Every structure is written in C-alpha cells, then in structure tokens.
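Report on one structure; see the data block that follows.
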Amino acid sequence: MLRHFSESRWYTIVLITLIYALMSWSLLSAAGEQALISQVEFVYWLAVTASTVGYGDLSPVTTAGKVIVALFVIPVGLSIFAMVIGRIAAWVSDQWKKGLTGMKTLHINNHILVIGWNEKKTMLLLDLLLKERADLAVKPDIVLCVKADINNPLPGQIEFIHVESFNNDNDMDRACVADAGVILIDNPSDDVTLTTALYCTKRNPDAHQVAYFSDDSLVSLLQTHCPNVECTPSVAVEMLAKSVFDPGSSMLHHDLISVDAGQAQFSVALPEDCDTLTVGQLFINMKKHYDAIFIGFAPGGVYKNMVVNPDSAVTVSANDTIFYIASARMTDIDWQKLGS
C-alpha cells in the first residue's frame, strides 16, 4: 500500500484530495454542520483533522456529522496524508540516489568542472580544491564528471555527474559544461584528455581550461587548436634532476603548491581603478604590509606572457595578474598602500 502511495503521481494525489474535500464538504453540509463548512473554517479543520493534529477548537456537533467524520473524513484523510508523505519521501530518496550515482541534472553556473577520474590522484585534487575554495569570498560549486563506474566520493561537498562520454552534448549538459567558469581535465589517457579539451573549448570557449598531460608531445598539438587552454605537463623528471644539484628543491616546490601548511603561491588581478605600480613598489610593500613576496606577473592576465622576477623598474597596470608567495591568500588589499 505504501509503495503504491509513494509511486503515485502528483496530479493523482491532487485530484484525489480535491474529490475527498468536495465529498467531505457535501456530507458535512447535508448533516447540518454549519460551523465546519464555511470556506476558511472548512479548509483549516480538514487540514488539521486529516494530518492527525486535531486541535479540538472545531469539531462536529451533530450525530450524523460525528459518524461521517469517524467513518469517512478521518480514515480517508489519513490515507491521503500517508500518500503525500510517501510521495515526498520517495522524491527525496530519488534525488539523493541520483546525486550519489551522478544521474541528476545540475542547474548551476561559474562552477569548477573537474573531468576525469584517477582515483587517489583525483581525490587529492578535490581535497586541494576544497581547501583553496575555503579562502574565497565567493565559493563556486565543484563538480566532478566521470565515466568510471563509481558513486560520489564526497557527497555533500561536491556535485557529481556520471556520463557515458565526455563529448556527448546530452551528458555534458547535465554537468552544465557551457556555463562552467573553470574546466579542469585530467584523465588516465592523454588521448581522452585531448579530445575532451577540444570538445570543451567548442562548448565553452570563455572558460578557463586547464588540462594535464603525461606526454608533453600532445601539449603543442592542443595549443595549436586551443591556444587558450592552460596545459600542465608532468614535471616529475625535472623535479628529480633539480633536486640532484639543488637539494631540497622538491620540498620547496611541494610547499609552494600545497595549501596544507607553510607558504604557498597565489595570484590576484589588479582592479580596474588601480594606479600603475612598479615591480619595486610591489615587492617592498607586499612584504611590508602583507608579509608576501612578489614573484611575477601576467600582463592583462595572459599567462603565456608571464614574466617571472622582472626588473624593479617594470610597471604593472590594471587587469594584470600578479603572483606572490604568502602563508594565506591576500584579502581586502589596499592597493594605495602597495603604491606608496
């Protein structure tokens, strides 16, 4: 019976409720229950009676009215109430299951879309993204989109979408790929990463895209067709070589990219109303007022033109992105102080 109630359509429940209310009103009217059949009192009394609340301020006074309430209004009302509760419970359970298995459709924008599943590597990535997001004033949603047969690894913390293909419009629309603010692609196969990056560029050319490749040869191929995609090749070999001649380099780089503890690398764009600043001013005043170290900048936010450790006389203007090292992300920056 409860299973039947839970599977009832909403229009069926509404229709049954209307018929029940009409029959109840007609029977009470025929029984002479004038105090119960006025519009406001009837709706109020029927609601509290059917939901078993029963405040007792209104009740039938005639013998016929009491029989009607005992044999029809209360039993049928309880059944409809159980039907509504069962339907709501079924809907909540269905939504929870869809969210866990990645089968629901999202309605979000400016989110961080992570495409691909690499088990522990992806879990570490998600953990770092959540920690980075915690310091932001505006916290974008994080969506994990996978083809692997898994459930949401972090329910309640991230959104999750399961797809059959990373280049299927219907599947990727459920992840709101066209409305994402950032798209991060990291698949076990570089070929899948390449085709996914091409597809995402077509669907959302304005998003900031980051793609990870194990094979450096595919980086130039992707950037030929999608020059705005930020490609991140593996630097494991370079780190090994650097640590041989400069011991501790691997620890230094790990500390700079990890937000767990110690110093980390961050970036911020100069606002539109910011005066032109010299690198010398930034270097001195960032250390003086924010205990941060200026390390470079990207003119106009174009990362391919990034300048690391520029000359002190070089100027930085509005919309340029500066990079710095600090223990935490700088907030509420007083740009006038940095130019003094």
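Positions 1 to 340 (full-length UniProt numbering) are the ones given, in order, by the sequence shown.
All C-beta atoms, glycine included, are put in the ideal place defined by N, C-alpha and C.
Only a predicted model underlies this, so the values are computations on that prediction, with no experimental measurement involved.
Query	Result
Which runs of the beta strand (DSSP E) at least 3 residues long sit entirely within the region 184-220? Give them in chain order.	208-213
Across the region 194-213 and the region 221-229, are there enough close Cβ pairs to call them in contact, namely three or more that are closer than 8 Å?	yes
Contact between the region 307-325 and the region 251-271: three or more CB pairs below 8 Å?	yes
Go through the region 59-140 residue by residue and report every complete run of the alpha helix (DSSP H) that reaches 4 residues or more, in order.	63-68, 74-101, 120-134
Mind checking who residue 230 pairs with in its DSSP beta bridge?	210
Relative to the alpha-carbon of residue 31, which residue among 60, 49, 185, 156 has its alpha-carbon at the smallest distance?	60
Looking at C-beta atoms only, is the number of pairs between the region 11-28 and the region 67-75 that lie closer than 8 Å three or more?	yes
Just reading off the beta strand (DSSP E) that residue 12 is part of, what are its end residues?	No beta strand (DSSP E) holds residue 12; the alpha helix (DSSP H) holding it covers 10-30.
Which same chain residues end up closer than 6 Å to residue 243 when comparing Cβ atoms and leaving out the 5 residues on each side of it in sequence?	249, 250
Please name the residue in 131, 301, 115 whose C-alpha comes closest to that of residue 264.	131
Provide the residue span of the beta strand (DSSP E) that contains residue 159, from first to last.	159-162
Less than 8 Å between the CB atoms is what I'm expecting for residue 317 and residue 276, so what's the real figure, rounded?	5 Å
Tell me whether residue 154 sits in a helix, a strand or coil according to DSSP, three-state version.	coil
Comparing C-alpha positions only, which one of 333, 115, 77, 279 sits nearest to residue 180?	115
For residue 279, which residues in the same chain have their Cβ closer than 6 Å to its Cβ, ignoring the five residues on either side in sequence?	310, 312, 314
Take the Cβ of residue 119 as the centre, count every other Cβ of all protein chains shown within 10 Å, and call the residue buried at 16 or more, exposed below.	exposed
What is the DSSP secondary structure of residue 301, counted as helix, strand or coil?	helix
Mind checking whether residue 135 and residue 329 have CB atoms under 7 Å apart?	yes
So, are the CB atoms of residue 49 and residue 77 less than 7 Å apart?	yes
Would you kindly report the start and end of the unbroken alpha helix (DSSP H) that includes residue 241?	236-245
Under the rule that 16 or more other beta-carbon atoms within 10 Å means buried, what is residue 1, buried or exposed?	Low per-residue confidence applies at residue 1: pLDDT is 47, beneath 50, and the placement is therefore not dependable, though the value from the model is reported in the following sentence. The residue in question, residue 1, is exposed, as its Cβ has fewer than 16 Cβ neighbours within 10 Å.
Let me make sure I understand the geometry here. Which of 326, 188, 286 has the alpha-carbon closest to that of residue 256?	326
Let me confirm a value: residue 34 is counted as buried when at least 16 other C-beta atoms fall within 10 Å, else exposed. Which label applies?	exposed
Taking buried to mean at least 16 other C-beta atoms within 10 Å of its own C-beta, is residue 387 buried or exposed?	There is no way to answer for residue 387, as the model of the chain reaches only from 1 to 340.
Could you tell me the boundaries of the alpha helix (DSSP H) in which residue 252 lies?	249-257
List the residues that DSSP assigns as beta-bridge partners of residue 323.	267, 296
Give me the residue from 254, 182, 64 with the minimum Cα distance to residue 206.	182
Using only alpha-carbon positions, find the residue among 216, 42, 15 that is nearest to residue 236.	216
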